[in-house]
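As you go down the protein sequences, you meet chains W and Y in turn. Numbering (the numbering used here) for the first sequence: 32 to 393. Numbering (the numbering used here) for the second sequence: 32 to 393. Structure first, then comments.
Protein chains: 2
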Amino acid sequence: MTNRQIPKYMKLKKELLSWFEAGKLQYGEQVPSENEIAEQFGVSRQTVRQTFGELEKEGWLERIQGKGTFARNPERREGEQAKTIGIITTYISDYIFPHIVRGAEAELRSKGYRLLLSSTDNNKDKEMESLQLMTSEPLSGLIIEPTKSAEGNPNLAYFLELQEKGIPFLMINEKYRELECACLKVDDEAGGYKAVQYLLEQGHTRIAGFFKRDDLQGVNRLKGFLAAHKAAGINVSPKQVVTYTTEEKNDLPYRKALQLLEEGEKRPTAFVCYNDELAVQLMEAVAATGLQVPEDVSVIGFDDSSLAIASGTKLTTLTHPKTVMGQAAASQLIAMIEQGRMAQETIYEPELVVRDSVAKRN
Amino acid sequence: MTNRQIPKYMKLKKELLSWFEAGKLQYGEQVPSENEIAEQFGVSRQTVRQTFGELEKEGWLERIQGKGTFARNPERREGEQAKTIGIITTYISDYIFPHIVRGAEAELRSKGYRLLLSSTDNNKDKEMESLQLMTSEPLSGLIIEPTKSAEGNPNLAYFLELQEKGIPFLMINEKYRELECACLKVDDEAGGYKAVQYLLEQGHTRIAGFFKRDDLQGVNRLKGFLAAHKAAGINVSPKQVVTYTTEEKNDLPYRKALQLLEEGEKRPTAFVCYNDELAVQLMEAVAATGLQVPEDVSVIGFDDSSLAIASGTKLTTLTHPKTVMGQAAASQLIAMIEQGRMAQETIYEPELVVRDSVAKRN
DNA sequence: CCGTATTTGTTCGTATGTATT
DNA sequence: CAATACATACGAACAAATACG
Chain W
32 MTNRQIPKYM KLKKELLSWF EAGKLQYGEQ VPSENEIAEQ FGVSRQTVRQ TFGELEKEGW
92 LERIQGKGTF ARNPERREGE QAKTIGIITT YISDYIFPHI VRGAEAELRS KGYRLLLSST
152 DNNKDKEMES LQLMTSEPLS GLIIEPTKSA EGNPNLAYFL ELQEKGIPFL MINEKYRELE
212 CACLKVDDEA GGYKAVQYLL EQGHTRIAGF FKRDDLQGVN RLKGFLAAHK AAGINVSPKQ
272 VVTYTTEEKN DLPYRKALQL LEEGEKRPTA FVCYNDELAV QLMEAVAATG LQVPEDVSVI
332 GFDDSSLAIA SGTKLTTLTH PKTVMGQAAA SQLIAMIEQG RMAQETIYEP ELVVRDSVAK
392 RN
Chain Y
32 MTNRQIPKYM KLKKELLSWF EAGKLQYGEQ VPSENEIAEQ FGVSRQTVRQ TFGELEKEGW
92 LERIQGKGTF ARNPERREGE QAKTIGIITT YISDYIFPHI VRGAEAELRS KGYRLLLSST
152 DNNKDKEMES LQLMTSEPLS GLIIEPTKSA EGNPNLAYFL ELQEKGIPFL MINEKYRELE
212 CACLKVDDEA GGYKAVQYLL EQGHTRIAGF FKRDDLQGVN RLKGFLAAHK AAGINVSPKQ
272 VVTYTTEEKN DLPYRKALQL LEEGEKRPTA FVCYNDELAV QLMEAVAATG LQVPEDVSVI
332 GFDDSSLAIA SGTKLTTLTH PKTVMGQAAA SQLIAMIEQG RMAQETIYEP ELVVRDSVAK
392 RN
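Written as structure tokens, this is what we have:
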């Protein structure tokens, strides 16, 4: 007959929670006694106790024997949320990643969030491990730099779980194609295009490109490399383009560069390198064959890292926002958490930084 | 008469928890029904219900209406503990710190701990901020790289609080003098000594030293610098020693170096630099005066960082364990947490890495 | 300091509803 | 359908802590 769907103690709980919503119960204020509530709502004291018990566990009430029951909303309700944000990057110590992490950390700290950091060493099993660890306790949000983004994503289930749980997340540098998710990245294709365009302007025509193929950054930079050649009406022979994977990075490009340099007159006059790290490596290769940068071979890197200015010949390179990107990612994620704002795609335009590693050619 | 101190439902709860401890209740196993337990322990079914209710909230049990009550220990019991370790360093992105963090992170991840990272930018207010944030939720342990270790420690109260709470912590690189705490560090004094000793062997006699004075690493390296001179019976004039603080690091040492180099015949023939970062900076100063490294001025750095080999003239420098130290710190801290082992003082001996920045002198 | 009233904490008993097997 | 299990609800009693006169 009567509505038995919802238990009395649940209805009572809802009623009391509405009191908090309406501000009827301020911090420290005494709640009517169990007996009073029981009489008022026409239920037994036991039922009231069950309601109070749950509200106490959830941090809304504090019950003190002999004194009474008191409201206790303020901190707890906030503190209930984790206020912890995770970052998963491929590497921690190498290259531009420390700067990205630093930018994010500074922003998070200033907004009162804690930063959980984990790395995948560009290995998808470790990515899974990191995701599991991160989500083993409540998390407010997650920033992820995809591992081997060009290869598809075996950990898709975890990301879908995040979406289900309502944990917002962002990608940086690249995103998994399968995943609907906002991303902060550099327009890598434009970067590759600019590098080649600049070299062509300087009179180079035989330009070799070295790109990583297991992440999308490399694939996109290569795309730009090819597009710029096409726009200039220059044919690119397969031999001019070297692609490699993470596992091969310390060996294959170096060897291929040596091969190209040994072709005498027909050798390339410029190298476009996937990043500054590789550029420094290939500058060594050039030196090893007795040639000079930039007189004999010009070199362009990517990311404007500390390596670019630490090396003997200062590298001409394309910028990467690094710290700014980390900071922006953190700030966007906080907006998503606190204001439920939608994530926005942010694309940074890389700029050419001209230093000493490219020479004019006639 | 009977022990009324501890309520029956609490005693029952303790008993059931001991069943979990002893492995009597495996995951998924059905627990005897409320009525059975009630009869077995000579309490009412309501009392059993209260116990079960709490155990369910805490994740030990799962109650399914019409079926029964089931054990559910595995993940939860682990998850109950924090399994989170914090690292507070001065900097995140600069220099050797990413490598230390990386070593620690890899170790922690493999042992199932999460890593909370925060930086102080070598500022004590931010150190306090970081400590507060870190300890705002349960923490298993903490690794700290002291901020301006040569000055006093205004955040002492926080560290004492950690000790009281029984949260183990370790220091790396240096420790606060006021604090009884284990530390993993390099024998910086020996490093300073070795640098000077090597230069003396190469025939140098006028050696200038540049050291940071607001952290103990700098102070100790200077100590070794002076001790080596004293052991060789060589007097050190005040002008030969330049000390500086974090705030002055980008300007003062460079200017002082220029001044020293302009003294013509009496100028120093070698620089001992607080770290590789400064060494690279001072090599630029040498180049700016038209002199050459190492022909005119030899330079020695500290820490064997990536800068040491990235620069034009490869730096002769002293080693720093970096990744190994981070890994060791994490591993020690885990032993302290899990086995309650005492922290051990670990001191690494720096080794001289001879490269191209020091020349023989006659 | 004592006694009393009030309030929450603990325990038992009983009854009914509802899901599962 | 019946038996069994947990879920909800009420009533009663006593214990322990607190407040107050």
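For glycine and all other residues, C-beta sits at the position ideal for the given N, C-alpha and C.
Where isoleucine 175/W is concerned, the enclosing beta strand (DSSP E) starts and stops at 172 to 175. One Cα belongs to threonine 354/W, the other to tyrosine 224/Y, and the distance between them is close to 38 Å. Think of a sphere of 8 Å around the beta carbon of serine 362/W: no beta carbon from chain Y falls inside it, the nearest being about 17 Å out. For valine 311/Y, the enclosing alpha helix (DSSP H) starts and ends at 307 to 319. Chain W has no Cβ within less than 8 Å of the Cβ of alanine 359/Y.
If you look at arginine 298/Y, you'll find it isn't in any beta strand (DSSP E); DSSP assigns it neither H nor E. By the neighbour-count criterion, in which 16 or more other beta carbons inside 10 Å mark a residue as buried, glutamate 176/Y falls on the buried side. For the region 110 to 133 of chain W, the set of positions with a beta-carbon nearer than 7 Å to some beta-carbon of chain Y reads Ile123, Ser124, Pro129, His130, Val132, Arg133 in chain order.
Straight through space, the alpha carbons of leucine 210/Y and proline 185/Y are spaced by roughly 12 Å.
Take the alpha-carbon of serine 75/Y and the one of serine 64/Y: they are about 12 Å apart. In the DSSP annotation of this structure, glutamate 192/Y is not part of any beta strand (DSSP E); the continuous alpha helix (DSSP H) holding it starts and ends at 187 to 196. Only Val311 from the region 287 to 311 of chain W bring a Cβ to less than 9 Å from some Cβ of chain Y. DSSP lists Val272/Y, Val303/Y as the beta-bridge partner residues of glycine 240/Y. One thing to note: isoleucine 174/Y has its Cβ no nearer than 8 Å to the Cβ of alanine 213/Y. For the options Glu67/Y, Leu139/Y, Ile123/Y, the alpha carbon positioned closest to that of serine 171/Y is the one of Leu139/Y. Contacts with chain W (Cβ-Cβ distance below 7 Å) from the region 314 to 342 of chain Y involve Leu338, Ala341, Ser342, listed in chain order. Residue pairing by DSSP places valine 62/Y opposite Thr100/Y in a beta bridge.
Going by C-alpha positions, glutamate 326/Y is about 17 Å away from glycine 343/W. The Cβ neighbour count for arginine 208/Y, taken over all protein chains shown within 10 Å, is under 16; the residue is labelled exposed. Neighbours of serine 150/W across chain Y, judged by C-beta separation under 9 Å: Arg133, Glu136, Ala137, Arg140. Each residue's CA atom was taken as its position, placing isoleucine 331/Y and tyrosine 144/W some 41 Å apart.
Sequence-distant partners of valine 324/Y (beyond 5 residues in either direction) whose C-beta falls short of 6 Å from its own C-beta, in its chain, are Met314, Val317, Val330, Thr344, Ser388. Here valine 385/Y is exposed. Its C-beta has fewer than 16 other C-beta atoms within 10 Å. Under the three-state reduction of DSSP, methionine 373/W is assigned to coil, being neither helix nor strand.
Within chain Y, Arg145, Leu146, Leu147 have C-beta atoms less than 7 Å from the C-beta of leucine 147/W, given in sequence order. Between the alpha carbons of glutamate 376/W and lysine 206/W lies a distance of about 11 Å.
Chain-order list of chain W residues neighbouring glutamate 160/Y: Arg140, by C-beta distance under 7 Å. In this structure, the CA atom of serine 161/Y is about 53 Å from the CA atom of proline 269/W.
For leucine 139/W, the enclosing alpha helix (DSSP H) starts and ends at 128 to 141. Under the 10 Å beta carbon count, leucine 322/Y is surrounded by fewer than 16 other beta carbons and is classified as exposed.
Inter-residue distance for alanine 359/W and threonine 276/W is about 29 Å (C-alpha atoms, whole angstroms).
Closest by C-alpha distance to alanine 361/Y, out of Phe51/Y, Ile119/Y, Asp335/Y, is Ile119/Y.
Separation of isoleucine 238/W and isoleucine 131/W (C-alpha to C-alpha, rounded to the nearest whole angstrom) is 31 Å. Cβ proximity to chain Y below 7 Å picks out Lys88 from the region 77 to 103 of chain W. For methionine 165/W, the residues of chain Y that pass the 9 Å Cβ criterion are Arg145, in the order they occur in the chain. The beta carbon of tyrosine 305/W sits closer than 7 Å to the beta carbons of Phe241, Phe242, Lys243, Gly249, Arg252, Phe333 from its chain, once the five residues preceding and following it are set aside; these are given in chain order.
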